[in-house]
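>
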Amino acid sequence: MSAKGSYKPQDSIAAHYPDAVEWRRTLHKFPQPSWLEFFATAFAAEKLTEWGYDVKQGRDVVAEDKLLLLPDAEKLQEEYDRALKAGANEKFLAPAKGGFTGVMATLKGDQPGPVIGYRFDLDSNEVTETQDGTHMPARQGFVSQNPGYAHMCGHDIHTATGLLLAKYFADNRAALKGTVKMIFQPNEENLSGASPMIEKGILDDLDYILGGHIGLSVKETGHICFNVHSFLALSRFEVTFTGRPTHAAASPEQGKNAMLGACSAVSNLYAIARHSQGATRINVGTLQAGTTWNVIPDRAYFRMETRGVTNELNEYMVEKARDVIEGAARMYDLTVEMKPAAMAVVAESSPELIAMAERVAATLPSVKKVVPSAPFNASEDITLMMERVQQKGGQALITLFGTPTHGGHHSSSFDADEAVIRNAAEFYAALQKEITG
Ligand SMILES: [Zn+2]
Ligand SMILES: [Zn+2]
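To get the working numbering, take the position in the sequence shown, counting from 1, and add 18.
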């Protein structure tokens, strides 16, 4: 309880909600995609530091050897400079230099209690936002200033929600039981930001991990869902075949044709038998090989992914894909490397926490309906964090926060009802009170 007996979390959150809308709009104006979230990183780190959090950034929160598909040095510098130009504070920008984006901020309450982690994602999409006057950000003057990039999945709203919640905890530190860890994760869109944070051990003391997404299959403001199903486990690989180049007319028999290996692998990947136990997916999204007319191609590269409705089904696809790829390499006497590029698992929220969340949500004025269950229908790397915390005996919850999404996620005209920022922060605050008693 706070000093004021009648104190309610929603009062504090409502007071700062207009600020959170401003934060969201600022973040929306300066979007940056996976590993390049310099502006959002500095923006969050500066505020959290100002509010008294113990803020960790850069190499302290992301493991260097897990920064998969990191953009090249030139791109990293260009986006770093862009964040600086947009007004990011260099003190909080510098630790992220080189792609080490992401923030973890810890606040220890004055009262004893559990450690609760909240995860929010920072990255934008690689989409050009519509300038159409019917699109609210265009009409209100906060449309993306970074061509080719835009927040079309709502991660600007997630970050603003995390900050609003963080402000509430900071304002109520004297009454706060236990510790809160606010985790601002880079690179959700390419599903590679959770594992470098996990690798750093930042989740290892958590009793709870809580996260969520706005919209998706819950499309009305005030609706909320905790029984979220239909995640897809996913594995992505970069595959490189290497052979030997020779003159295609003078000495073809001395060449080792990497392109043939890759083509054989690609067609046979699609021939992997479907599994009787549930749905699986496979896709090869790019293929590059060879150099010119008269040289036997010595290098071929493709990007592939597998998915499954369970971790086991996805594993089945990965194993079969490995057999096909290695078999194709043997057939043409090539070497091959399958380099992991991203991963997500299927994780389930902890049943006790779902029950508690439903009880709490029913008491909140902003909640119009607790939706009994809803599909996620995609992959999300928060599942790796959930799995990690649950394996160590903790509990995990993923929540869908209702909002209309206009053009739909990842479209050029995606937008959401900003009231979802307040609704989500209120729910997280109320659940924290319930957990800590
Ligand atoms: Zn997305
Ligand atoms: Zn998203």
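Yeah, the Cβ is synthetic: ideal placement off N, Cα and C, and Gly gets one too.
Please list the segments of the beta strand (DSSP E) lying wholly inside the region 260-340, counting only runs of 3 or more residues, in order along the chain.
Segments of the beta strand (DSSP E) lying fully in the region 260-340: 298-307 and 317-326.
> Beta carbon of residue 414, beta carbon of residue 367: below 8 Å?
Cβ atoms of residue 414 and residue 367: closer than 8 Å.
> What span of residues does the beta strand (DSSP E) with residue 226 cover, start to end?
Where residue 226 is concerned, the enclosing beta strand (DSSP E) stretches over 226-232.
> Can you find the residues in the same chain that come closer than 6 Å, C-beta to C-beta, to residue 262, ignoring five residues on each side of it along the sequence?
The answer, listed in chain order, is 273, 274 and 316.
> Distance, Cα to Cα, residue 449 vs residue 231?
Going from the Cα of residue 449 to the Cα of residue 231 covers about 16 Å.
> Could you say which of 240, 84 and 429 lies nearest to residue 417 if we only look at CA atoms?
Checking every option, the nearest Cα to that of residue 417 belongs to 240.
> Skipping 5 residues on each side, what residues in its chain have a beta carbon closer than 6 Å to that of residue 162?
Cβ within range, chain order: 49, 147 and 168.
> Closer than 7 Å to a non-hydrogen atom of ligand 1 - does that hold for the CB of residue 208?
Residue 208: no, Cβ never under 7 Å from ligand 1.
> Quick one, which of 409, 283 and 290 has its alpha-carbon nearest residue 348's?
Taking only the C-alpha atoms, the option nearest residue 348 is 283.
> What do you reckon, is the C-beta of residue 143 under 7 Å from a heavy atom of ligand 1?
Correct: residue 143 has its Cβ closer than 7 Å to ligand 1.
> Going by CA-CA distance only, name the one from 338, 123, 257 and 81 that's closest to residue 137.
Ranking the options by Cα distance to residue 137, first place goes to 123.
> At the level of alpha carbons, what is the spacing between residue 355 and residue 90?
If you take the alpha carbons of residue 355 and residue 90, they lie about 21 Å apart.
> Touch check for the region 58-76 and the region 116-135: three-plus C-beta pairs under 8 Å?
As far as the Cβ criterion goes, the region 58-76 touches the region 116-135, which means the pair count is three or higher.
> Express the C-alpha separation of residue 358 and residue 83 in angstroms, rounding to a whole number.
Cα-Cα distance, rounded: 12 Å.
> Following the continuous alpha helix (DSSP H) through residue 155, name the residue where it begins and the one where it ends.
Residue 155 -> alpha helix (DSSP H) spans 154-157.
> So, helix, strand or coil for residue 212, using DSSP?
Correct three-state label for residue 212: helix.
> In terms of alpha-carbon separation, which member of 441, 94, 225 and 113 lies closest to residue 79?
Considering only alpha carbons, the answer is 113.
> Specify whether the region 382-398 and the region 183-196 touch according to this definition: at least 3 beta carbon pairs, one from each stretch, less than 8 Å apart.
No, the region 382-398 does not touch the region 183-196.
> Between the alpha carbons of residue 435 and residue 323, how many angstroms are there, rounded?
The straight-line gap from Cα to Cα measures roughly 33 Å.
> In terms of residue numbering, what span does the beta strand (DSSP E) encompassing residue 167 cover?
Where residue 167 is concerned, there is no enclosing beta strand (DSSP E), given that its DSSP letter is neither H nor E.
> From which residue to which residue does the beta strand (DSSP E) around residue 139 run?
Here the beta strand (DSSP E) through residue 139 covers 129-139.
> DSSP three-state label for residue 345, please.
In the structure shown, residue 345 sits in a helix (DSSP, three-state: H, G or I).
> Please name the residue, chosen from 56, 186 and 446, that lies closest to residue 371 on a Cα-to-Cα basis.
Ranking 56, 186 and 446 by Cα distance to residue 371 puts 446 first.
> Ligand 2 and residue 243: does the residue's C-beta get closer than 7 Å to at least one heavy atom of that ligand?
No, the beta carbon of residue 243 sits no closer than 7 Å to any heavy atom of ligand 2.
> Considering only C-alpha positions, which residue in the set 419, 350 and 93 is nearest to residue 173?
Answer by Cα proximity: 419.
> Mind checking who residue 416 pairs with in its DSSP beta bridge?
Answer is 229.
> What are the boundary residues of the beta strand (DSSP E) that residue 360 is part of?
Counting along the chain, the beta strand (DSSP E) containing residue 360 begins and ends at 353-362.
> Specify the secondary structure class of residue 401 as computed by DSSP and reduced to three states.
Reduced to three states, the DSSP call for residue 401 is helix.
> Looking at the strands, I want to know which residues DSSP matches up with residue 251.
Its beta-bridge partners are 326.
> Near residue 397, which residues of its chain fall below 8 Å by C-beta distance, leaving aside the five closest residues on each side in sequence?
Answer for residue 397: 209, 249, 250, 251, 252, 325 and 362, listed in chain order.
> Okay, do the region 335-351 and the region 305-312 touch, 3+ Cβ pairs below 8 Å being the bar?
Too few Cβ pairs lie closer than 8 Å, so no.
> Starting from residue 95 and walking both ways along the beta strand (DSSP E), at which residues does that stretch end?
First-last for residue 95: 91-103, but that is the alpha helix (DSSP H), not the beta strand (DSSP E).
> For residue 214 and residue 81, what's the separation of their Cα atoms in angstroms?
So the two alpha carbons sit approximately 5 Å from each other.
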